[in-house]
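Going by my numbering, the letters in the sequence shown line up with residues 1 to 373, in that order. Built from N, CA and C at the ideal position, the CB exists for glycine as well. Report on the structure given below.
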Amino acid sequence: NDQARFMLAGLPDPAGSKWGDLFEAPFSLRPGLIGALNDRTGSRYHARLVSQPETSTPRPTRKALEPSGVNHVITQDPAARAALDMAGRAAQRGLPVLIRGETGTGKEVAARFAHLASGRTGKFVAVNCAAIPPELMAAELFGHAEGAFTGARRGGAVGLAVQADGGTLFLDEIGDLPLGLQAALLRFLDDFSVRPVGGTASRVVDILLLNATNVDLEAAIAAGRFRADLYYRLTAAQITLPRLADRSDFNLIAERLMADLAPSMVLSKEALVQLRQHEWPGNIRQLRNVLARLALGERQIISAADIIALLPARANDLSEHGQSVLRDVQSQQIAATMGAVGGNVSAAARKLGVSRNTIYRALGRRISRNCPN
């Protein structure tokens with residue numbers, strides 16, 4: 001058998017094959033590789049190799065590398081597909097990739113996609129640069145020796161860079177990395193040598209470095225918040241994931257998410273129209289949260305009325321007074337969430353399913369309103 005078996009990644013063919021179907025293709029890609037394939041009808045797919053020809057040499061299992069998020073890569077949109085193509089090609093060459101896009105556009109899923117495309121057999125290790133206290137970040141990335149600092153683990157700890165040896169290190173929200181740690185990361189990228197905090201011995205690791213941000217790094221460089229030399233090291237390849245509202249495959253994404261959340265439920269055409277009209281500032285993450293709430297109901301067919309009852313009115317459908325009231329309510333909710341997460345803008349954005357810029361705009365409105373003329 002000289003055929004390999006691939007799993008579709010979101011591009012159903014004209015004959016009606018569904019998500020997750022397997023199809024036969026000439027064995028031209030190594031296991032784990034995600035790439036563009038053309039079938040006999042000329043339809044183009046992104047696929048993940050799930051088995052190899054019986055006559056081929058056995059290869060190491062990749063069971064540990066099957067993150068659930070990868071099966072949610074839906075790439076019928078030309079811009080999203082081109083971005084994933086670029087990330088996959090760069091990853092195969094071992095080049096660092098900067099993944100840009102608003103919150104909720106699927107940056108980590110794209111990173112996992114690139115990791116599998118690279119063919120690496122090591123782990124995919126993700127770290128959120130905004131979620132770790134700056135004073136602990138170096139120890140998290142590079143590990144620490146016993147007694148290196150107050151609260152250090154007995155016997156020391158292995159850092160994330162070493163855990164990713166042979167695989168991929170994904171630095172999410174790289175734009176929030178403090179300047180001091182940017183310098184440490186730049187030194188690491190010179191030779192990929194890791195020395196634990198408080199340690200004396202170093203070791204070299206072999207990693208694919210992927211990064212993601214929704215921060216305008218060029219503006220951050222101009223403001224002195226991000227190092228230009230690090231920026232150039234991280235951007236051998238750059239991709240930008242499109243906003244959900246701009247994607248041509250919105251219906252496919254919504255239907256796929258609904259099928260995952262509640263296989264017995266279906267979105268009516270009218271419901272899809274209502275969903276499509278929403279702005280989705282939180283993008284795919286926000287859409288999934290909305291559909292998860294719908295999945296708690298008992299209806300088998302989701303109607304337009306169900307969507308209207310669940311989603312807030314769009315600002316451009318309201319009067320000037322209504323828009324002002326809506327903005328005030330949104331600002332109050334954002335302020336309350338900021339208080340609950342200790343003022344962490346990134347954490348508040350994730351909790352609300354909105355972008356960091358939305359948080360800043362809302363906070364700016366409250367400050368302006370409360371300042372005396």
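| Per-residue DSSP class, three states only, for S331 | In the structure shown, S331 adopts helical secondary structure according to DSSP, grouped into three states.
| Are there 16 or more other CB atoms within 10 angstroms of the CB of E54, so buried, or fewer, so exposed? | Confidence at E54 is low in this model, with a pLDDT of 36, below 50, so its placement is unreliable and the value that follows should be read with caution. Exposed: under 16 other Cβ atoms inside 10 Å.
| field | Collapsed DSSP secondary structure at N71 in the structure displayed | value | The pLDDT assigned to N71 is 42, lower than 50, so where the model puts this residue is not dependable; a value taken from the coordinates is nonetheless given after this. If DSSP states are grouped into helix, strand and coil, N71 belongs with the helices.
| task | Assign K107 to one of two classes, buried (16 or more other C-beta atoms within 10 Å of its C-beta) or exposed (fewer than that). | result | buried
| Is the CB-CB distance between F226 and L179 below 9 angstroms? | Yes, the Cβ-Cβ distance between F226 and L179 is below 9 angstroms.
| query | From I334 to A83, what distance separates their C-alpha atoms? | reply | Taken atom to atom, the span from the alpha-carbon of I334 to that of A83 is near 32 angstroms.
| task | Can you tell me which of K351, F124, G343 puts its alpha carbon nearest to the alpha carbon of R285? | result | K351
| Just curious, the alpha helix (DSSP H) that N283 is in, first and last residue? | 283–294
| query | Got a sec? Which residues, its chain only, sit under 8 angstroms from E140 by beta carbon, not counting five neighbours each side? | reply | Excluding sequence neighbours, E140 sits near V127, I132, G159, L160.
| Among K123, D249, E173, L261, which has the Cα closest to the Cα of A220? | E173
| Own chain residues within Cβ distance below 8 angstroms of V194, not counting five before or after | F142, G143, G159, A161, V162, F188, S202, R203, V204, V205
| query | When you compare only the Cα positions, how much space is there between N283 and C129? | reply | Taking C-alpha positions only, N283 is separated from C129 by approximately 21 angstroms.
| Counting Cβ pairs closer than 8 angstroms, one from the region 207–215 and one from the region 94–101, do we hit at least three? | yes
| said: If I follow the unbroken alpha helix (DSSP H) through A222, where does it start and stop? | reply: It spans 217–222 - the alpha helix (DSSP H) in which A222 sits, taken as one unbroken run.
| task | Could you have a look at I359 and say whether DSSP puts it in helix, strand or coil? | result | helix
| task | Report the rounded CA-to-CA distance for S346 versus A304, giving the unit in angstroms. | result | 33 angstroms
| query | Run through DSSP, which three-state label would Q76 get? | reply | coil
| request: Return the Cβ separation of P207 and T168 in integer angstroms, given the expectation that the two are a contact with Cβ distance under 8 angstroms. | output: The amino acid occupying residue 207 in the given sequence is Ile; Pro does not appear at that position. Indeed they touch by this definition, with Cβ atoms about 7 angstroms apart.
| said: Please report the distance separating the alpha-carbon of T41 from that of T240. | reply: Legend: pLDDT at T41 = 36, less than 50; position of this residue unreliable, no value from coordinates given.
| field | Straight-line Cα distance separating D165 from Q274 | value | 46 angstroms
| For the beta strand (DSSP E) that contains I239, what are its first and last residues? | In the DSSP annotation of this structure, the continuous segment of the beta strand (DSSP E) that includes I239 starts and ends at 237–240.
| query | In three-state terms, what does DSSP make of G193? | reply | A small fix is needed here, since residue 193 is Ser in this sequence, not Gly. In this structure, S193 counts as strand in the three-state DSSP scheme.
| query | Is it right to say H46 is buried, meaning 16 or more other beta carbons lie within 10 angstroms of its own, or is it exposed? | reply | Below a pLDDT of 50, predicted positions are generally treated as unreliable, and H46, at 41, falls in that range; the measurement from the model is reported next regardless. Buried is the call here.
| Would you call the CB atoms of Q182 and L230 closer than 9 angstroms? | In this structure, L230 lies closer than 9 angstroms to Q182 by Cβ.
| Can you tell which of R361, A262, R93 has its C-alpha closest to the C-alpha of S118? | R93
| message | I need the straight-line Cα distance from N251 to L177, nearest angstrom please. | response | 36 angstroms
| request: Classify T105 as buried or exposed, calling it buried when 16 or more other Cβ atoms lie within 10 Å of its own Cβ. | output: buried
| Range covered by the beta strand (DSSP E) that runs through R225 | Taken as a continuous stretch (DSSP letters only), R225 belongs to no beta strand (DSSP E), as it is neither H nor E.
| DSSP state of I207 mapped onto helix, strand, coil | coil
| request: Answer with buried or exposed for D246, where buried requires no fewer than 16 other C-beta atoms within 10 angstroms of its C-beta. | output: exposed
| With burial defined as no fewer than 16 other Cβ atoms inside 10 Å of the residue's Cβ, what is the status of I307: buried or exposed? | buried
| query | Mind checking D190: buried by the 16 CB within 10 Å criterion, or exposed? | reply | exposed
| With a Cβ-Cβ cutoff of 9 angstroms, do L291 and M258 count as a contact? | yes
| Span separating the alpha-carbon of A111 from that of S331 | 32 angstroms
| said: Could you compute how far the alpha carbon of T121 sits from the alpha carbon of F170? | reply: 15 angstroms
| task | Please list, in chain order, all residues of the same chain as Q238 whose beta carbon is under 6 angstroms from its beta carbon, the five residues on each side excluded. | result | L98
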